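Numbering (the numbering used here), first residue to last: 102 to 330. Backbone N, C-alpha and C fix where the C-beta goes; we use that ideal spot for every residue, glycine too. Values in this document were obtained by computation on a predicted structure and should not be read as measured data. Inspection log for the structure reproduced underneath, given as structure tokens.
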Amino acid sequence: MAAGKKHTGASAPTHYECSLYGLVAKAHEPQLRTRLEALCGDTKAAHHELHHEISCVPCVETPPGPQRKEDHMLRLRIELDPKDPTNMDKATNTICFLGHPEPRSDRGASVRPTTYAQVFSGNAPQFLSLLGYKFNSEFVRKGYWFMYRGIYKIIVSQVYKLREQGNIQTVQPVDAEGNWVMHVVADAMSQEQVPRVCEQLDELKRLFEDYVELVIVDHAFLENKVQYS
Numbered sequence: 102m103a104a105g106k107k108h109t110g111a112s113a114p115t116h117y118e119c120s121l122y123g124l125v126a127k128a129h130e131p132q133l134r135t136r137l138e139a140l141c142g143d144t145k146a147a148h149h150e151l152h153h154e155i156s157c158v159p160c161v162e163t164p165p166g167p168q169r170k171e172d173h174m175l176r177l178r179i180e181l182d183p184k185d186p187t188n189m190d191k192a193t194n195t196i197c198f199l200g201h202p203e204p205r206s207d208r209g210a211s212v213r214p215t216t217y218a219q220v221f222s223g224n225a226p227q228f229l230s231l232l233g234y235k236f237n238s239e240f241v242r243k244g245y246w247f248m249y250r251g252i253y254k255i256i257v258s259q260v261y262k263l264r265e266q267g268n269i270q271t272v273q274p275v276d277a278e279g280n281w282v283m284h285v286v287a288d289a290m291s292q293e294q295v296p297r298v299c300e301q302l303d304e305l306k307r308l309f310e311d312y313v314e315l316v317i318v319d320h321a322f323l324e325n326k327v328q329y330s
């Protein structure tokens, strides 16, 4: 049985994820990386990442009606060692709950509540099964990230699909043209901090406008809604 990270209080803390997204053309990625190195330190400031993310939905479907809105998707984020990706002893497992995004359009970024719980021992997929969840979909994200001013995490990555469920050695690019996704994210510790964080993100995107257009994703695409077949 898996064990989750302990938190003080009655529940895990909820943060507010403020973010912007952009599509980086393959030809622009080297220039973007050079820009990031200049802003965030040097070539050693980059952190390589390899994530296998699995979305899970409730095993028991809530009958149609108002209560179905309470059904939510959970994500299991498996952070792998890029140099030894099949060694699960080196993997970090985190259960992620990404809440419904704010529908308002006057923010400078997408905003949604998030809760994370690290699974520090045991079998994480089995733990989710015991919670009443089952496999829904999966993808792999591979790339690198920088921290800017110690607040903003800037992730540049490519997304892969798996030809064989659960086997990361069978990945193939989702985008055949080799484009990259840029995700800039900052956590607000409370609702009161959200406006200022969003303002700063809106200012930050101007630093990269020569390489990528960072935008607010429509809240409809970020909703945590279970699509039952």
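Q | Counterpart residues of Y329 in DSSP-defined beta bridges | A | Paired residue(s): none; Y329 is not in a bridge.
Q) Three or more beta-carbon pairs under 8 angstroms between the stretch 207-220 and the stretch 115-134, yes or no? A) yes
Q. Which full runs of the beta strand (DSSP E) of 3+ residues lie inside the stretch 280-321, going along the chain?
A. 281-289
Q | At least 3 beta-carbon pairs within less than 8 angstroms: the stretch 283-292 vs the stretch 164-181 | A | no
Q. Whose CA, out of G267, V285, T195 and K145, lies closest to the CA of L175?
A. T195
**Q.** Neighbour-count burial assignment, V316, 16 or more Cβ in a 10 Å radius
**A.** exposed
Q) Three-state secondary structure (DSSP) at I269? A) helix
Q.
Threshold first: 3 residues or longer. Then list the beta strand (DSSP E) segments lying entirely within the stretch 147-174, N to C.
A. 148-159
Q) Which of helix, strand or coil does DSSP assign to A225? A) helix
Q: Put L323 into one of helix, strand or coil per three-state DSSP.
A: helix
Q.
Between the alpha carbons of V260 and P296, how many angstroms are there, rounded?
A. 30 angstroms
Q) Excluding the five sequence neighbours on either side, which residues of its own chain have a C-beta within less than 7 angstroms of the C-beta of V158, listed in chain order? A) M174, Y234, K235, N237 and V327
(Q) Which complete alpha helix (DSSP H) runs does the stretch 185-247 hold, if anything under 4 residues is left out? (A) 225-231
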